[in-house]
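Participant: Take a look at this one; I'll ask things after.
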Amino acid sequence: MTRRLAPLVRFTVAALAALAAVALVACTGGTSPSPSARTPLVVGLGFIPSVQFAPFYLAEQEGYYADVGLDVTFQFKIDPDLVTLVGQGSIDIGSADGTSVIPAVSQGIPIRYVATIYGSFPSIVFAAASSGIAEAADLEGTKLGIPGRFGSSWIMLQALLGSAGLTPDDLEIVEYPDFGQGAAVAQGAVDAATGFANNEPVQLALSGEEVVVLHVDDTIALPGPGLIAGTATLDAKGDAIRAFVAQTLRAMREIEADPERGLEAAIAAVPELAEQREAQLAILEATIDVWSGRVTADHGLGAIDRDGWQASVTFMTDLGLVPNAVTVDALVTDAFLPAD
Amino acid sequence: MIRASAAVPVVLALVVFVAAWKAIVVVGGYPPFILPPPESVAVRFVDAWASGVIGPHAAATLVEIALGFAVGAGLALAVGYLLARSPLAERLLSPYLVAAQATPILALAPLLALWFGPGLTSKVVICALIVFFPVAVATMVGIRSVDARLLELARSLRATRRQIVLTLEIPAALPNILGGMRVGVTLAVVGAIVGEWAGAERGLGVLVNLARGSLFDIPLMFATLVTIALVGVALYVVVVLVEGRLVGVR
Chain A
16 MTRRLAPLVR
26 FTVAALAALA
36 AVALVACTGG
46 TSPSPSARTP
56 LVVGLGFIPS
66 VQFAPFYLAE
76 QEGYYADVGL
86 DVTFQFKIDP
96 DLVTLVGQGS
106 IDIGSADGTS
116 VIPAVSQGIP
126 IRYVATIYGS
136 FPSIVFAAAS
146 SGIAEAADLE
156 GTKLGIPGRF
166 GSSWIMLQAL
176 LGSAGLTPDD
186 LEIVEYPDFG
196 QGAAVAQGAV
206 DAATGFANNE
216 PVQLALSGEE
226 VVVLHVDDTI
236 ALPGPGLIAG
246 TATLDAKGDA
256 IRAFVAQTLR
266 AMREIEADPE
276 RGLEAAIAAV
286 PELAEQREAQ
296 LAILEATIDV
306 WSGRVTADHG
316 LGAIDRDGWQ
326 ASVTFMTDLG
336 LVPNAVTVDA
346 LVTDAFLPAD
Chain B
39 MIRASAAVPV
49 VLALVVFVAA
59 WKAIVVVGGY
69 PPFILPPPES
79 VAVRFVDAWA
89 SGVIGPHAAA
99 TLVEIALGFA
109 VGAGLALAVG
119 YLLARSPLAE
129 RLLSPYLVAA
139 QATPILALAP
149 LLALWFGPGL
159 TSKVVICALI
169 VFFPVAVATM
179 VGIRSVDARL
189 LELARSLRAT
199 RRQIVLTLEI
209 PAALPNILGG
219 MRVGVTLAVV
229 GAIVGEWAGA
239 ERGLGVLVNL
249 ARGSLFDIPL
259 MFATLVTIAL
269 VGVALYVVVV
279 LVEGRLVGVR
C-alpha cells in the first residue's frame with residue numbers, strides 16, 4: 016500500500032508546487048508606466064499601417080498630440096483583439112468598427128464609442144458595371160465574394176440584401192479568407208463582392224474598370240469605425256482622451272482641405288506607400304469621402320448618430336448578435352467630443 | 039480496482055489544472071473577456087452543446103479529420119514501406135518529404151484552399167499532408183526494424199512477397215506504425231482547424247473565429263477550444279485502444 020501511494024504523493028506535491036508557482040506568476044504580471052511630463056497614450060489602429068490612418072500620422076508628426084500633453088504610441092491590431100485590449104485597458108484608445116462595439120458591450124466588455132471617424136458605413140458591395148448589377152435586388156442568383164460569414168461586411172450584406180427582400184441563401188456566397196475578393200471581381204470569378212468604399216472599388220477604377228458600388232446607408236445607418244476607449248480609461252484619463260479626440264479631428268479637417276498633406280504624413284510613417292502615390296492618394300480621397308455622413312454633415316466630423324446606433328442595435332439583435340440587451344447610452348458617449 | 043487507481047492520476051491532474059486556471063483568474067484579476075473562469079466555460083460548454091451551437095460544427099470537423107487521416111495514413115503506409123525497402127526511393131523522396139514537413143501548414147493552407155476550393159477537399163488535403171510525415175516515418179522505421187533473420191527464414195520457407203508483407207513485416211512493424219498514428223491522429227485535428235481558418239462555412243475552427251471575432255463570446259471560444267481538445271484526446275484514445283487490441287497493452 017505504501018509503495019503504491021508514494022508515487023501518488025510525489026505527484027500531488029509536485030502539482031501543488033506548480034500551482035503555487037502559477038499563482039506567483041499571476042501576482043507579478045504587469046509593470047507600471049514610467050513617469051513622464053506628458054500623459055502616455057497607447058493608440059490602437061487597424062490591422063496594418065495604411066494611408067487611411069493619415070490623420071493620426073499627421074497629428075503625431077505635426078506635434079498636435081504633444082502640444083496638448085500627450086505621448087502617443089501606435090499599435091496595429093485586428094479589430095477583435097483591439098476591442099478586447101481597449102476593454103482591458105492595455106490600449107487606451109483605438110479605432111474600431113461600430114458593429115463590433117455592439118456585441119462586445121453586450122458581452123460585458125467595458126468600452127464606449129467616443130467619436131465617429133467614418134460618418135458613412137465603409138463596408139459596401141461592389142461589382143463591375145458590365146455585370147448589370149445596379150441595385151441590391153440585382154444580387155439575387157449571383158455569385159458574391161466575401162472574406163467570411165462574420166464581421167462588418169457580413170452584417171452589411173445581410174442589411175443590404177434585406178432591403179431588397181433577399182437573404183444570403185438567395186445568392187451563391189464564395190469565401191475569400193485571404194481578402195482576395197477584389198481580384199475575384201476583376202477576373203470575373205464572382206459577379207460582385209463585399210469590400211470597403213475606400214479600397215477595392217478604388218483599385219478597380221484605377222485599373223480602368225467602371226465600378227458600381229452599393230451602399231447600405233440608405234437602408235440602415237450602421238455605425239462605422241470610430242474611436243473607442245475603455246470605461247476605466249475614460250475615468251482615469253478623460254482629459255487626455257478628450258484632447259486626443261480633438262487633435263485627431265483637427266488633423267482630419269486639415270486633410271479634408273488638403274489631401275496631399277495627409278498623403279505625405281502617411282508616406283512619412285509608411286515609406287512603402289510612396290511606391291504607389293497615385294493609388295494611395297485615390298484611396299485617401301475616397302477615405303475622406305467616407306468620413307462624411309448624414310450626421311457629420313450637420314454636426315461636424317466626429318459627431319455620433321444616436322438614431323443610427325439605435326436602429327443598428329435593433330437590427331443586430333434580430334440577427335442574434337446581441338445576447339444581452341444594450342442601450343445606446345451604454346455604447347456611445349459624446350462627452351469627449353470638442354464643445355464646438 | 040486496477041482501472042480506478044489508473045484513473046486517479048488523470049482526475050487529479052484535471053483537478054490541479056482547473057484549480058490553477060481558477061487561481062490565475064482570481065489572483066490575476068482577469069476579466070471574463072480576457073480569461074473567463076473555468077465555471078463560466080463549463081456552463082457555456084453545456085449550453086452550447088444543448089442548444090445545438092457546437093454540434094454541427096463538431097460534426098463537420100470530425101468528417102474532415104476522418105477523411106484526412108484515412109487518406110494521409112493510407113498513403114503514408116505505402117510510401118513508408120517504399121522508403122524502408124528501396125534505398126533509391128529514400129534518396130529521391132526524403133528531401134522533399136522533409137521540406138514539406140518543415141513548411142508551416144499555416145502558410146500552405148491558404149494556397150491549398152485556393153487550388154482545391156473552400157469545400158471539404160482542401161480540408162482533407164491539409165489534414166492528409168499533416169498526418170503523412172509522422173506515419174510515413176514510423177512505418178519506415180518499423181519495417182526496417184523487422185529482424186533480418188525472420189525475413190531470411192520466411193524466404194527459406196518460400197513465402198511469397200505478399201505473405202512476407204502481410205504476415206511478417208506489417209505485424210512486426212505495427213508497434214511503430216501505431217505509434218506514428220498516435221501522433222498523426224492528433225495532428226489531423228490541427229490540420230482540420232487550420233483548413234477551416236483558410237476558408238469554411240462550418241467547423242470548430244470557424245466557430246472559434248465567430249466566437250472571438252463576431253460575437254465577442256469568449257466563454258464560447260474557450261468552450262470550442264475544450265471541444266477541440268476533447269476530440270483530440272478521444273481520437274488518441276481510440277488509436278491506443280486499437281493498438282492494445284492488435285499488439286497488446288504497452
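Chains as they are written, first to last, in this note's numbering: chain A, 16 to 355; chain B, 39 to 288. Glycine included, C-beta positions come from ideal geometry on N, C-alpha and C. Everything numeric in this text was worked out from a predicted model, so none of it was measured.
#1: Could you check whether the Cβ of Q253 of chain B sits closer than 7 Å to any Cβ belonging to chain A?
#2: Just to confirm, are A261 of chain B and A111 of chain B a CB contact at a threshold of 7 Å?
#3: Just list the beta strand (DSSP E) runs in the segment 148-180 of chain A, keeping only unbroken ones of 3 residues or longer that don't cross its boundaries, in chain order.
#4: My parser needs the beta strand (DSSP E) runs of 3 or more residues fully inside the segment 80-138 of chain A; what are they?
#5: Would you kindly check if the distance between the Cβ of F107 of chain B and the Cβ of V223 of chain B is under 7 Å?
#6: Between F211 of chain A and chain B, is the shortest Cβ-Cβ distance under 7 Å, so that the two count as touching?
#7: Give the straight-line distance between the Cα atoms of L126 of chain B and S132 of chain B, rounded to the nearest whole angstrom.
#8: Check the Cβ-Cβ distances between F89 of chain A and every residue of chain B, and say whether any is below 7 Å.
#9: Please report the straight-line C-alpha distance between A236 of chain B and I103 of chain B, rounded to a whole angstrom.
#10: Confirm, please, whether the CB-CB distance from A114 of chain B to A210 of chain B is below 7 Å.
#11: Which residues bound the alpha helix (DSSP H) around V84 of chain B?
#12: Indicate whether the contact test is met: 3 or more Cβ pairs, each with one atom in the segment 152-166 of chain A and one in the segment 191-198 of chain A, closer than 8 Å.
#13: Starting from R331 of chain B, find everything on chain A with Cβ-Cβ shorter than 8 Å and list it in chain order.
#14: CB P274 of chain A to CB L299 of chain A, shorter than 7 Å?
#15: Does any residue of chain A bring its CB to less than 7 Å from the CB of I72 of chain B?
#16: Taking V285 of chain B and L216 of chain B to be in contact with their CB atoms under 8 Å, please state how far apart those CB atoms are, rounded to whole angstroms.
#17: Nearest-angstrom Cα distance between R199 of chain B and A151 of chain B?
#18: So which residues of chain B does F165 of chain A contact, with C-beta pairs closer than 8 Å?
#19: Could you name the residues of the segment 330-345 of chain A whose beta carbon sits closer than 8 Å to any beta carbon of chain B, in the order they occur along the chain?
#20: Could you name the residues of chain B that V101 of chain A contacts, counting a contact when the two beta carbons are closer than 8 Å?
#21: Please specify which runs of the alpha helix (DSSP H), each continuous and at least 4 residues long, are wholly inside the segment 168-237 of chain B, giving them in chain order.
#22: I need the straight-line Cα distance from G177 of chain A to G134 of chain A, nearest angstrom please.
#23: In chain B, which residues lie with their C-beta within 8 Å of the C-beta of V98 of chain A?
#24: What do you reckon, are the CB atoms on A130 of chain A and L352 of chain A nearer than 7 Å?
#25: State the start and end residues of the unbroken beta strand (DSSP E) segment that holds F211 of chain A.
#26: Cα separation between D349 of chain A and I319 of chain A?
#27: My output table needs one value for T342 of chain A: the three-state DSSP class, helix, strand or coil.
#28: Is the CB of P75 of chain B under 7 Å away from at least one CB in chain A?
#29: Using DSSP with H/G/I as helix, E/B as strand and the rest coil, what is V337 of chain A?
#30: So for G253 of chain A, helix, strand or coil by DSSP?
#31: With a cut-off of 8 Å, do at least 3 Cβ pairs link the segment 315-330 of chain A to the segment 223-236 of chain A?
#32: In chain B, what lies closer than 7 Å to E190 of chain A by C-beta?
#33: What residues in its chain sit with their C-beta under 7 Å from that of P48 of chain A, if we drop five residues either side in the sequence?
#34: Threshold first: 3 residues or longer. Then list the beta strand (DSSP E) segments lying entirely within the segment 215-239 of chain A, N to C.
#35: For A111 of chain A, would you say it is in contact with chain B, using Cβ-to-Cβ distances shorter than 7 Å as the test?
#36: At which residues does the alpha helix (DSSP H) containing P69 of chain B begin and terminate?
Facilitator: Let me spell this out:
#1: Inspection of the sequence shows that residue 253 of chain B is occupied by Leu rather than by Gln. Output row for L253 of chain B: interface = yes.
#2: no
#3: 158-161
#4: 85-91, 108-111 and 126-131
#5: yes
#6: no
#7: 10 Å
#8: no
#9: 15 Å
#10: no
#11: P76 to A88
#12: yes
#13: There is simply no residue 331 of chain B to check, as chain B begins at 39 and stops at 288 in what is shown.
#14: yes
#15: yes
#16: 7 Å
#17: 40 Å
#18: N247, L248, G251 and S252
#19: L336 and P338
#20: Going along chain B, no residue has its Cβ under 8 Å from V101 of chain A, so there is no contact; the nearest lies around 11 Å.
#21: 186-194, 199-202 and 208-235
#22: 22 Å
#23: F254
#24: yes
#25: A207 to F211
#26: 7 Å
#27: coil
#28: no
#29: coil
#30: helix
#31: yes
#32: P156 and G237
#33: Since pLDDT at P48 of chain A reaches only 35, below the 50 mark, its modelled position is unreliable, and the value read off the structure follows with that caveat. Closer than 7 Å at the Cβ level, and outside the excluded window around P48 of chain A, lie P55.
#34: 226-229
#35: no
#36: No alpha helix (DSSP H) holds P69 of chain B; DSSP gives it neither H nor E.
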